[in-house]
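In what follows, a single structure is set out as structure tokens and then discussed.
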Amino acid sequence: MIIHVNELEKATGRTIALEGSITVGLPQQPGVRLEDFSFAGKARKEGELVIVEGALSGILKSKCAKCLAPTTYSFEAPFEESFTEGEVDEESDIHSYQGGRIDLAHYFDQVVMLEMPQIFTCIEDCKGLCPTCGKNRNEHSCECVNERIDPRLADLALLFNKENNK
């Protein structure tokens, strides 16, 4: 989504509405599909600043990290950035633009990266797959015994078993 600053200066109230589908240019995440991304908001000119406000929404589809079931993550994130033409201080919250146009794609990518969960789960308390039989423990219970003893502590377990058998 590109804002032409000269159009913004000519607009009534020096404000224009921004709305539409956007393309997110994130590196492909294995197993993650990005769908239906859109932005709704406005851009306004205040003195030398161009302020863009709105909300970015989208859908991320993947597989649950614990049970491999398909999962969908929808989000709506607030967006507010300020821009000025020319150079700005690196530590400033104000970004620069050149040539009378502001390309918001990079800023949208940052919002999506911050909103994306580190792991996708189908439900908050997903039980995952049984490591022995492979059943989805959210759908079926299994009678597998999954007691795994750390090999470094196996001798200690034998000691406890001897004491319990006395």
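What the sequence shown shows, in this note's numbering, is residues 153 to 318, in sequence order.
The beta-carbon is built from N, C-alpha and C at its ideal position, and this holds for glycine as well.
Taking every protein chain shown into account, the CB of L208 has 16 or more other CB atoms within 10 angstroms, so this residue is buried.
Within the region 211–249, no alpha helix (DSSP H) run of at least 4 residues lies entirely inside it. Contact between V204 and A195 is confirmed by a C-beta separation of about 5 Å, below the 8 Å threshold. Going by beta carbons, T273 and T223 fall inside the 8 Å limit. The residue among F227, G206, D245 with its C-alpha nearest the C-alpha of G172 is G206. Per the Cβ contact rule, the region 257–274 is in contact with the region 224–233 (3 or more Cβ pairs under 8 Å).
According to DSSP, residue pairing for N288 in a beta bridge involves L281.
For E237, the CB contacts under 8 Å within the same chain, skipping 5 residues up- and downstream, are V157, E200, S248, Y249, Q250, G252 in chain order. DSSP places T167 in the strand class (E or B) of the three-state scheme. Residue pairing by DSSP places R253 opposite H156, Q250 in a beta bridge.
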